[in-house]
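Per my numbering, residue 48 is the first one in the sequence shown, and the count goes up by one each step.
Think of the CB as a built atom: it goes at the ideal place given N, C-alpha and C, for glycine as much as any other residue.
Everything below concerns the one structure shown next.
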Amino acid sequence: KMWFLGLFFLTVGCFANDHEGKAVKLNGENFKANVEKKDHFIMFFAPWCGHCKRLAPTWEDLAAKYNDKDEVVIGQVDCTVETALCSDNDVTGYPTLKYFKVGSEAVERYRGPRDLPSLDNFIAKQQGKVEVAEESPGQLMVKLDVNQTLLLTRITKKSWTLLNLKVGMLVYARVKSVA
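This is the structure:
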């Protein structure tokens, strides 16, 4: 019976932390030195947070994609352990996703969808790989993002329309009135 109990706790211990894997673990001792060397996209999380647990597999996929390259480091900070570091970075809810660009004091907070393509696009925009054109009345813009998605934007004085086409198939369309 004792060996069964030991095996149970060993098994639970192996699966207890959903945030183990490819993402670089940052703490108060290594945070500043790492962020000053290379761009970092960091998830500030709490292990008990349901939203953090749902994001964890996607975050690990993102880390697996980028952490073997020289572009950006995908990192994470456990705010239940690193309370001062999270406070210093204005973390008030979980998860908080922030992009730290080398040589810039400005930190960009990510507020978009938490799926892999959206996070990829955010990284590409932060690195200047996706053109962000200014919108002006009557302009028709055609842009190609990192996922080979064609973005067509028609802007008029009264409304604008964004069509997102992927291999000729309409993914979404949205029209907004301009006041």
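Query, Result
"Excluding sequence positions up to five away, which residues of its chain have a Cβ less than 6 Å from the Cβ of H87?", "V120, G122 and F147"
"Report buried or exposed for T143, applying the criterion of at least 16 other Cβ atoms within 10 angstroms of its Cβ.", "buried"
"To which residues of the same chain is V138 closer than 7 Å at the C-beta, ignoring the five residues directly before and after it?", "F91 and C126"
"Under 8 Å between the Cβ atoms of K145 and I89?", "yes"
"Can you grab the Cα-Cα spacing for the pair P160 / L166, in whole Å?", "8 Å"
"Going by C-alpha distance, which of K69, V71 and F78 is nearest C133?", "F78"
"Cβ atoms of K85 and A149: under 8 Å apart, would you say?", "A small correction: the amino acid at residue 149 is Val; Ala does not occupy that position in the sequence shown. Yes, Cβ-Cβ distance for V149 and K85 is below 8 Å."
"Cα separation between N136 and Y113?", "23 Å"
"Just to confirm the assignment, what range does the alpha helix (DSSP H) spanning K112 have?", "G97 to Y113"
"Please return the same chain residues whose Cβ sits closer than 7 Å to the Cβ of D162, not counting the five positions on each side in sequence.", "T105"
"Answer yes or no: do K69 and A111 have a C-beta to C-beta separation smaller than 8 Å?", "yes"
"Would you mind giving the Cβ-Cβ distance between Y141 and C96, rounded to the nearest angstrom? I have them listed as a contact below 8 Å.", "4 Å"
"Can you tell me which of the three DSSP states Q123 falls into?", "strand"
"Determine the DSSP secondary structure at E118, reduced to helix, strand or coil.", "coil"
"Using DSSP bridges, identify the partner residues of F91.", "V124 and T143"
"DSSP state of K69, grouped into three classes?", "coil"
"Exposed or buried, A93, counting other C-beta atoms within 10 Å across all chains shown (16 or more means buried)?", "buried"
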